Amino acid sequence: MGETPIPFQRISVLKPGQSLRSYLSDVGNYLDKSFTVSAKWKLHPDDVEYQTLGYWLNMGDYKGVSYLGARDPLTQLADQVKKLREDWRRVASGSSKLKADVYSSADRERERAALEERWSRERESRSSGDDVA
Numbered sequence: 137m138g139e140t141p142i143p144f145q146r147i148s149v150l151k152p153g154q155s156l157r158s159y160l161s162d163v164g165n166y167l168d169k170s171f172t173v174s175a176k177w178k179l180h181p182d183d184v185e186y187q188t189l190g191y192w193l194n195m196g197d198y199k200g201v202s203y204l205g206a207r208d209p210l211t212q213l214a215d216q217v218k219k220l221r222e223d224w225r226r227v228a229s230g231s232s233k234l235k236a237d238v239y240s241s242a243d244r245e246r247e248r249a250a251l252e253e254r255w256s257r258e259r260e261s262r263s264s265g266d267d268v269a
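Just so we're aligned, residue 137 is where the sequence shown starts under the numbering used here, counting upward by one.
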């Protein structure tokens with residue numbers, strides 16, 4: 137049985153603002169391992185001296201940790217765009233129909249006239265009720 141490869145073991149350059157993530161393996165293969173993580177860089181390409189940062193990463197600290205849904209906001213956005221595309225694909229192919237209420241100018245005029253008539257009747261009934269009191 138071979139040694140489990142270390143993710144990003146051969147990365148030589150990481151430009152400012154860049155980051156790398158790996159979701160290519162089951163975490164179970166790494167939970168019993170610890171890694172020394174180190175990064176070195178030059179503040180300027182002409183510098184002779186390197187800046188360094190190193191730390192100890194114990195993968196056992198992540199045992200029992202789980203997440204609901206995507207952790208990365210870009211992954212969440214991609215999932216939502218995919219769902220939207222799938223919904224519209226059904227509409228575009230005709231397998232799903234849109235419900236649309238379409239009104240013409242004549243329909244709107246009839247509705248306006250009916251409302252005005254109703255309001256007129258209500259005003260009349262109120263004014264005749266005021267005389268009785």
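Heads up, the beta-carbon is just placed ideally off N, CA and C, and yes, glycines get one too.
Predicted model, so just to flag it, every value in this text is computed and none were measured.
Is it true that the CB of residue j sits closer than 8 Å to the CB of residue i?
i	j	result
S170	L193	yes
Y186	K178	yes
G190	T172	yes
Among the options, which has the Cα closest to the Cα of residue i?
i	options	result
Y149	P181, L251, S256	Position check: residue 149 holds Val in this sequence, whereas Tyr was assumed. The shortest Cα separation from V149 among P181, L251, S256 belongs to P181.
S272	V238, Y239, S240, D223	Within the shown structure, residues of the chain are numbered from 137 to 269, placing residue 272 beyond reach of any answer.
G176	T188, A250, L251, R257	Note that residue 176 is Lys in the sequence shown here, rather than Gly. The candidate whose alpha carbon is nearest that of K176 is T188.
S155	V184, D168, E252, D208	D208
S202	G153, G164, E253	G164
Return the bridge partner residues of residue i from the DSSP annotation.
i	result
G190	S174
List the whole-angstrom C-beta distance separating residue i from residue j, where the pair is believed to meet the contact cut-off of C-beta under 8 Å.
i	j	result
L234	V227	6 Å
> On the three-pair Cβ rule with 8 Å, is the stretch 187 to 197 touching the stretch 205 to 219?
Replying inline: no
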